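Enquirer:
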Amino acid sequence: METPRPLRIGITCYPSVGGSGILASALGEELARRGHEAHFISYERPFRLPWGAPGIFFHPVVINDYGLFKYPDYTLPLSVKMAEVSRDHHLDVLHVHYAVPHATAAILARSMLPAGSAPRVVTTLHGTDTTLLGRDAGYGPAITHALERSDAVTTVSEFLKRETQAHLSVRKPIDVIHNFFEPREARRPRAAVRAELGIGDSEVMILHASNLRPLKRIDVLLESAARIRPRDSFKLVVLAGADFSPFTQEVERLGLTGRVVVREQITDIEDYLQAADLGLFTSDVESFCLSILEAMCFSCPSVATQVGGIPEVVESGRSGILVPHGDTDGLARAVEALIADPGLRASMGAAARLRARSLFSAASIVTRYEELYRRVCAGAAA
Ligand code: GMT
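Heads up, the sequence shown is in my numbering, so the first residue is 2 and it goes up one at a time.
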């Protein structure tokens, strides 16, 4: 059988710290490893994208500041750059991560090109593009329009598919392709990382990683930590994708000074994941929660709120513990149970790692995206 030719994929995502950008970067990296070209188009280079890797290209979108505009526009320069890169590099597919405004820009870019040479458009919804902006009357109709005109739409969980169908009245089929994580080797020994963080021999390291946005409920995270007994049994390490200083007063008020250790904007995530004993995630909603998966890959089970797509990632009682939303005390009790029982932590950690490897690895998930690209390209040829 003839080997299919490598594909040329344009990828647009938010380059800043956030699950959709991380996933898009990892996808581009894996596609390039499989011999395809991944052309990133964004206002900045995505922060986890490796430098100098063959098959990975970055095309910056330059935005000029015009006095006439009260609000600077990104959609138009992005669409012009998408059209330019599509034409110059003969892209097969424009794959946009997070609908707003990327999907609209891709549809516009496609319509700027001659029909025969325009790329297919694949839109992956990640979360608040549906659950927040999809419900906003100022965005909803534009999102629905871009989804209906995409050649394929994917969501990162069944939960997000249901939300999209319910709130955006999208009639076209939606493929669910869960997130994946392919950990790199840690660069430092576990003991060195724990020493740097000041984790004592008898202390359990609880990990929280997020961009601290309101829906991550850092207030609930700190409140649950404050209820954990005994107090000196743990340290809470927060890997913050944003400035943590707005929360330092709360840390002091709850008597958690010295018990909460913060690292901001870190890139060597694996170093910290390998050092962690358990994760704690307190979001109001998550379409998937990539941070939980990242921890699972290092045999680290999580305690998390039972919301959104998290039950698709964690089987409660087997690979972690899910607690009903709003039950701050329940979160603290679940963490205490795992602190008190290293055997339970180890067995849940092993189940978590197995689940991550069997369901959410690059080997299975990237293949799903490749099949989807081939399908939309074949549809175009037909
Ligand atoms: O929707 C968002 O809040 C933004 C997005 C991001 O860029 O971080 O987060 C979502 O995408 C991640 C990757 O697919 C998911 O793991 C997160 O659960 C999801 N966030 C929410 O649904 C709140």
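Just so you know, even glycine gets a beta-carbon here, dropped at the ideal spot from N, CA and C. Since this is a predicted model, take the numbers as computed values, not measurements.
With S211 as the anchor, note down where its beta strand (DSSP E) starts and where it stops.
Expert: For the purposes of this step, residue 211 is taken as residue 210 along the sequence shown, with counting starting at 1. Residues 205-211.
Enquirer: By a C-beta neighbour count over all protein chains shown, 10 Å radius and 16 as the cutoff for buried, is F70 buried or exposed?
Expert: Position 69 of the sequence shown, counted from the first residue, corresponds to residue 70. F70 counts as exposed, since fewer than 16 other C-beta atoms from the protein chains shown sit within 10 angstroms of its C-beta.
Enquirer: Return the residue from the list T268, P312, P115 that minimises the CA-CA distance to S288.
Expert: As a first step, residue 288 must be located in the sequence shown, where it is residue number 287. Checked all of T268, P312, P115; the closest Cα to S288 is P312.
Enquirer: In chain order, which continuous runs of the alpha helix (DSSP H) of length 4 or greater are located wholly inside the region 308-364?
Expert: 311-314, 329-341, 343-360
Enquirer: Applying the criterion that 16 or more other CB atoms from any shown protein chain within 10 Å of the CB defines a buried residue, is G331 buried or exposed?
Expert: Your numbering for residue 331 matches position 330 in the sequence shown. G331 comes out buried.
Enquirer: With DSSP run on the structure shown, which of helix, strand or coil describes P142?
Expert: Reading the sequence shown from its first residue, position 141 is the one you call residue 142. Helix at P142.
Enquirer: Is it right to say E3 is buried, meaning 16 or more other beta carbons lie within 10 angstroms of its own, or is it exposed?
Expert: Looking up residue 3 in the sequence shown gives position 2. E3 should be labelled exposed.
Enquirer: Evaluate S246 with the Cβ neighbour count: other Cβ atoms within 10 Å of its Cβ, from every protein chain shown; 16 or more gives buried, anything less gives exposed.
Expert: Start at 1 with the first residue of the sequence shown, and residue 246 comes out as number 245. By the 10 Å Cβ count, S246 comes out exposed.
Enquirer: Return the first residue and the last residue of the alpha helix (DSSP H) that D130 is part of.
Expert: Working through the sequence shown from its first residue, we reach residue 130 at position 129. First-last of the alpha helix (DSSP H) with D130: 129-132.
Enquirer: Residues in the same chain with beta-carbon distance under 7 Å from M145, minus the five sequence neighbours each way, listed in chain order, please.
Expert: Position 144 of the sequence shown, counted from the start, is the residue given in the question as residue 145. Position check: residue 145 holds Thr in this sequence, whereas Met was assumed. Correct list, in chain order: L169, S170, V171.
Enquirer: Suppose contacts are defined by Cβ-Cβ distances below 8 Å. Is T165 in contact with L126 by that definition?
Expert: On the sequence shown, residue 165 is found 164 positions in, with the first residue counted as 1. On the sequence shown, residue 126 is found 125 positions in, with the first residue counted as 1. In this structure, L126 lies closer than 8 Å to T165 by Cβ.
Enquirer: Entirely within the region 67-136 and at least 4 residues each: give me those alpha helix (DSSP H) ranges in chain order.
Expert: 76-90, 103-113, 129-132
Enquirer: Output the residue ranges of the beta strand (DSSP E) runs that lie fully inside the region 220-267 and measure 3 residues or longer, sorted by chain position.
Expert: 235-241, 261-265
Enquirer: Is it the case that the CB of L208 approaches a heavy atom of the ligand GMT more closely than 7 Å?
Expert: By 1-based counting over the sequence shown, the position of residue 208 is 207. L208: no, Cβ never under 7 Å from the ligand GMT.
Enquirer: Starting from S43, follow the alpha helix (DSSP H) in both directions and report where the run begins and ends.
Expert: Residue mapping note: residue 43 aligns to position 42 of the sequence shown, counting from 1. Unbroken run through S43 is the beta strand (DSSP E), 38-43; no alpha helix (DSSP H).
Enquirer: Is any heavy atom of the ligand GMT found at a distance shorter than 7 Å from the C-beta of T306?
Expert: Here the question's residue 306 lines up with position 305 in the sequence shown. T306 Cβ: outside cutoff for every heavy atom of the ligand GMT.
Enquirer: May I have a chain-ordered list of the beta strand (DSSP E) segments no shorter than 3 residues that lie completely inside the region 159-207?
Expert: 175-177
Enquirer: Can you give the Cα-Cα distance for L109 and L222, rounded to whole angstroms?
Expert: Counting from one through the sequence shown, the residue named residue 109 turns up at place 108. Counting from one through the sequence shown, the residue named residue 222 turns up at place 221. Straight-line Cα distance between these residues: approximately 42 Å.
Enquirer: Please state if the CB of L294 and the CB of F182 are separated by a distance shorter than 8 Å.
Expert: Position 181 of the sequence shown, counted from the start, is the residue given in the question as residue 182. Position 293 of the sequence shown, counted from the start, is the residue given in the question as residue 294. Their beta carbons are under 8 Å apart, which means F182 touches L294 by this criterion.
Enquirer: Rank M206, L281, V304 by C-alpha distance to the C-alpha of R260 and give the top, closest one.
Expert: To locate residue 260, count along the sequence shown from 1; it is residue 259. Nearest of M206, L281, V304 to R260, Cα basis: M206.
Enquirer: In angstroms with no decimal places, state the Cα-to-Cα distance between R6 and L291.
Expert: Stepping through the sequence shown from its first residue, residue 6 is reached at position 5. Stepping through the sequence shown from its first residue, residue 291 is reached at position 290. Whole-angstrom Cα-Cα distance: 31 Å.
Enquirer: Does the ligand GMT have even one heavy atom less than 7 Å from the beta-carbon of H127?
Expert: Position 126 of the sequence shown, counted from the start, is the residue given in the question as residue 127. Yes, Cβ of H127 sits closer than 7 Å to a heavy atom of the ligand GMT.
Enquirer: Which of the three DSSP states, helix, strand or coil, is assigned to G11?
Expert: The count along the sequence shown starts at 1 and reaches residue 11 at position 10. In the displayed model, G11 falls within a strand according to three-state DSSP.
Enquirer: Apply the 10 Å Cβ neighbour rule to G36 and answer buried if 16 or more other Cβ atoms are within range, or exposed otherwise.
Expert: Numbered from 1 along the sequence shown, position 35 holds the residue referred to as residue 36. The residue in question, G36, is exposed, as its Cβ has fewer than 16 Cβ neighbours within 10 Å.
Enquirer: What is the DSSP secondary structure of P47, reduced to helix, strand or coil?
Expert: Along the sequence shown, one-based indexing puts residue 47 at 46. It is coil, neither helix nor strand.
Enquirer: Between the Cα of V97 and the Cα atoms of L77, W52, A364, T13, which residue gives the shortest distance?
Expert: Counting from 1 along the sequence shown, the entry for residue 97 is found at position 96. Out of L77, W52, A364, T13, T13 has the C-alpha closest to the C-alpha of V97.
Enquirer: Helix, strand or coil, according to DSSP, for I64 in the structure here?
Expert: Position 63 of the sequence shown holds residue 64. The answer is coil: DSSP assigns I64 none of H, G, I, E or B.
Enquirer: I want to check one thing, is the minimum distance from the CB of S288 to the heavy atoms of the ligand GMT below 7 Å?
Expert: Locating residue 288 in the sequence shown gives position 287, where the first residue counts as 1. Result yes, Cβ under 7 Å from the ligand GMT.
Enquirer: Give the DSSP bridge partners of L279, in chain order.
Expert: To locate residue 279, count along the sequence shown from 1; it is residue 278. DSSP, once it has assigned bridges, lists I207 as partnering L279.
Enquirer: Is the closest heavy atom of the ligand GMT to the C-beta of L24 under 7 Å?
Expert: As a position in the sequence shown, residue 24 is number 23, starting the count at 1. Yes; taking the cut-off as 7 Å, the Cβ of L24 has a heavy atom of the ligand GMT nearer than that.
Enquirer: Below 7 Å, is the gap between the Cβ of S203 and the nearest heavy atom of the ligand GMT?
Expert: As a position in the sequence shown, residue 203 is number 202, starting the count at 1. Result no, Cβ not under 7 Å from the ligand GMT.
Enquirer: Along the chain, where does the alpha helix (DSSP H) that runs through A25 open and close?
Expert: As a position in the sequence shown, residue 25 is number 24, starting the count at 1. Segment 20-34, the alpha helix (DSSP H) holding A25.
Enquirer: List the whole-angstrom C-beta distance separating A25 from P47, where the pair is believed to meet the contact cut-off of C-beta under 8 Å.
Expert: Counted from its first residue, the sequence shown places residue 25 at position 24. Counted from its first residue, the sequence shown places residue 47 at position 46. Indeed they touch by this definition, with Cβ atoms about 7 Å apart.
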